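First up is the structure itself, then whatever we jot down about it.
Residue numbers (my numbering): -15 to 133.
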C-alpha cells in the first residue's frame, strides 16, 4: 500500500484529519477563532514583561541592573526583543503589552486573509449585515466536540 492510500483511509475514517488553518486556533471565540493561546505569542509577552521589569527596577536593584547590563552586552534575545517585535509586526511606535496584543491579532488576520477559503469568513466580519457575535455563538455555547470543531 502506498502512503496516499493509507492517508486516504485514515482521512475517510476520521482518524487523521487534513490540515486546517492553524491561524484560526488563536483568535478569541467571539471573533470566530478557537480561543487557544499561542506559545509563540506567550513567549513574546513574557520576554517583553521581563525586560520591562528589569528596566523599571534597575535604579533600585543592583542585581537587576547587572542582569540587564550582561543581557545588553551579550546582545541576547531578551535584550533585542523590542527591536525584534518592531520588525516582526511592523510596529512604528514603542512596543507595549496592549500594542503587542493588537499587532499579534492583526498578524493572525493578515495570515488568514492570505488563504483563499478562510479569508471569505473573516472578510465577512466587515459586512454590517453579518453579526460576528451571533455567528460565533455555536463556538461558545454549542455542544461541538473538539474533533468536529
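Beta carbons are placed, not taken as given, at the ideal position from N, Cα and C, and that holds for glycine. Fair warning: this is a prediction, and the values are worked out from it, not measured in the lab.
Quick one: give me the first and last residue of the alpha helix (DSSP H) that residue i is part of.
i	result
residue 5	No alpha helix (DSSP H) holds residue 5; DSSP gives it neither H nor E.
residue -3	Segment: none, residue -3 is in no alpha helix (DSSP H) and carries neither H nor E.
residue 28	23 to 40
residue 101	100 to 107
residue 116	116 to 119
If you compare alpha carbons, which of the options is closest to residue i?
i	options	result
residue 7	119, 103, 64, -8	103
residue 96	83, 10, 64	10
residue 87	72, 51, 23	72
residue 28	116, 94, 13, 81	81
residue 115	75, 15, 53	15
Quick check on residue i: buried or exposed, where buried means 16 or more other Cβ atoms within 10 Å of its Cβ?
i	result
residue 17	buried
residue 79	buried
residue 66	buried
residue 20	exposed
residue 113	exposed
residue 101	exposed
residue 84	buried
residue 120	buried
If you reduce the DSSP assignment to three classes, tell me which class residue i lands in.
i	result
residue 86	helix
residue 61	coil
residue 18	coil
residue -11	helix
residue 10	coil
residue 52	helix
So residue i packs on residue j, CB below 8 angstroms; how close in whole Å?
i	j	result
residue 62	residue 35	6 angstroms
residue 31	residue 51	Contact flag wrong, Cβ pair sits at about 14 angstroms.
residue 5	residue 109	Wrong, their Cβ atoms sit about 15 angstroms apart, outside the cutoff.
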